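Protein chains in written order, with the numbering used here: chain A, 28 to 136; chain B, 28 to 136. Built from N, CA and C at the ideal position, the CB exists for glycine as well. This one's a predicted model, so the numbers in the text were calculated from it and none came from an experiment. Take a look at the structure set out below.
2 protein chains.
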Amino acid sequence: MEYLSKKWAIMILLELYKNDQSWKRFSTIRKAMKEVTSKILSERLKELEVEGLVINKIDASAFPVKSEYKLTEMGIELVEVIKEIKVWALKWKIDNCVCKNQDCRVCIL
Amino acid sequence: MEYLSKKWAIMILLELYKNDQSWKRFSTIRKAMKEVTSKILSERLKELEVEGLVINKIDASAFPVKSEYKLTEMGIELVEVIKEIKVWALKWKIDNCVCKNQDCRVCIL
DNA sequence: CGGTATCCTTTCGGATACTG
DNA sequence: CAGTATCCGAAAGGATACCG
């Protein structure tokens with residue numbers, strides 16, 4: 028809870044889980060989550076990396092530097108559990124129905 | 028996440044889940060969770076009640092007033108999901124092993 | 001007993017600017 | 001591009017005191 032309850036932490040995990048769980052660039056994540064500033068995104072990614080939920084691959088050979096992130100197996104399995112919370116919410120929280128937004132980060136689950 | 032990520036929220040749910048999920052008095056919960064001030068406990072219980080995870084029964088006929096709380100069915104089912112997070116943590120977080128403290132609020136799960 | 005009210009500190013995170 | 005540095009306001013929550 029210590030690191031997961033921080034603002035945007037879970038949303039970032041969901042963003043990395045989205046589609047194929049492959050490597051995603053810093054700027055790509057930022058564009059997908061426009062409300063998150065680069066400071067917060069950077070902080071959260073570092074925390075999640077320290078906790079082993081995310082791995083970071085940096086290619087400094089070229090300019091500009093290319094930095095990519097993806098979920099670890101541990102991180103993927105956590106998202107699977109979070110999906111259970113989604114199931115719970117769909118059952119009990121009526122207003123939490125599937126929306127029409129094709130890119131909705133919640134409804135992708 | 029909005030209300031669950033607040034400090035002590037999940038711990039309070041676990042405390043109410045503990046043993047038989049029966050009515051528990053405000054002071055009983057406080058004694059079990061000595062780190063939580065009555066202000067915070069009161070705030071969290073109210074939030075969880077608004078969200079339908081907890082119900083409160085007040086008996087004002089006598090003095091002092093007797094106020095009791097317990098999980099709703101919805102709240103119990105959420106704790107069941109939280110137990111899955113515990114399973115995840117036991118698998119991946121090595122330092123998160125079952126401790127010897129008989130009253131540990133985490134290991135009761 | 002079961003809270004509120006008040007105050008005060010600490011933390012969080014948003015905005016903006018800057019850099020290798 | 002991928003961050004970091006700085007500043008700042010808002011909000012969370014702890015300590016303490018008080019009340020019906």
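Original post:
So, does the CB of Met28(B) fall closer than 8 Å to a CB anywhere in chain A?
Top reply: Stepping through the second sequence from its first residue, residue 28(B) is reached at position 1. So yes, Met28(B) belongs to the interface.
Original post:
If you draw a straight line from the C-alpha of Ile39(A) to the C-alpha of Tyr30(B), how long is it?
Top reply: In the first sequence, residue 39(A) corresponds to position 12, counting from 1. In the second sequence, residue 30(B) corresponds to position 3, counting from 1. So the alpha carbons of these two residues sit roughly 18 Å apart.
**OP:** Using beta-carbon positions only, say whether Leu105(A) and Leu80(A) come within less than 8 Å of one another.
**Re:** Taking the first residue of the first sequence as position 1, residue 105(A) is located at position 78. Taking the first residue of the first sequence as position 1, residue 80(A) is located at position 53. Closer than 8 Å, so yes.
**OP:** Step through the CB atoms of chain A and report whether any lies within less than 8 Å of the CB of Leu82(B).
**Re:** Start at 1 with the first residue of the second sequence, and residue 82(B) comes out as number 55. Here the sequence assigns Ile to residue 82(B), which means Leu is not the residue at that position. Answer no: the Cβ-Cβ gap between Ile82(B) and chain A never drops below 8 Å.
Original post:
At least one CB of chain A closer than 8 Å to the CB of Ile103(B): is that the case?
Top reply: Mapped onto the second sequence, residue 103(B) falls at position 76. No, because no Cβ of chain A sits closer than 8 Å to the Cβ of Ile103(B).
Subject >> CB contact below 8 Å: Ile39(A) versus chain B >> reply: The residue labelled residue 39(A) in the question sits at position 12 within the first sequence. Among the CB atoms of chain B, none fall inside 8 Å of the CB of Ile39(A).
Subject >> Where Glu62(B) falls: helix, strand or coil (DSSP) >> reply: Taking the first residue of the second sequence as position 1, residue 62(B) is located at position 35. Of the three classes helix, strand and coil, the one that applies to Glu62(B) here is coil, per DSSP.
Subject >> For Ser49(A), the three-state DSSP class (helix, strand or coil) >> reply: The residue labelled residue 49(A) in the question sits at position 22 within the first sequence. DSSP places Ser49(A) in coil when its eight states are reduced to three.
Subject >> Environment of Ala87(A) [buried if 16+ CB atoms lie within 10 Å] >> reply: The residue you call residue 87(A) lines up with position 60 of the first sequence. The C-beta of Ala87(A) has fewer than 16 other C-beta atoms within 10 Å across all chains shown, which makes the residue exposed.
Original post:
Shorter than 8 Å from the beta carbon of Ser49(B) to some beta carbon of chain A?
Top reply: In the second sequence, residue 49(B) corresponds to position 22, counting from 1. By this cut-off, Ser49(B) is not an interface position.
Original post:
Does the beta-carbon distance from Ile82(A) to Trp35(A) come in below 8 Å?
Top reply: As a position in the first sequence, residue 82(A) is number 55, starting the count at 1. As a position in the first sequence, residue 35(A) is number 8, starting the count at 1. No. Outside cutoff.
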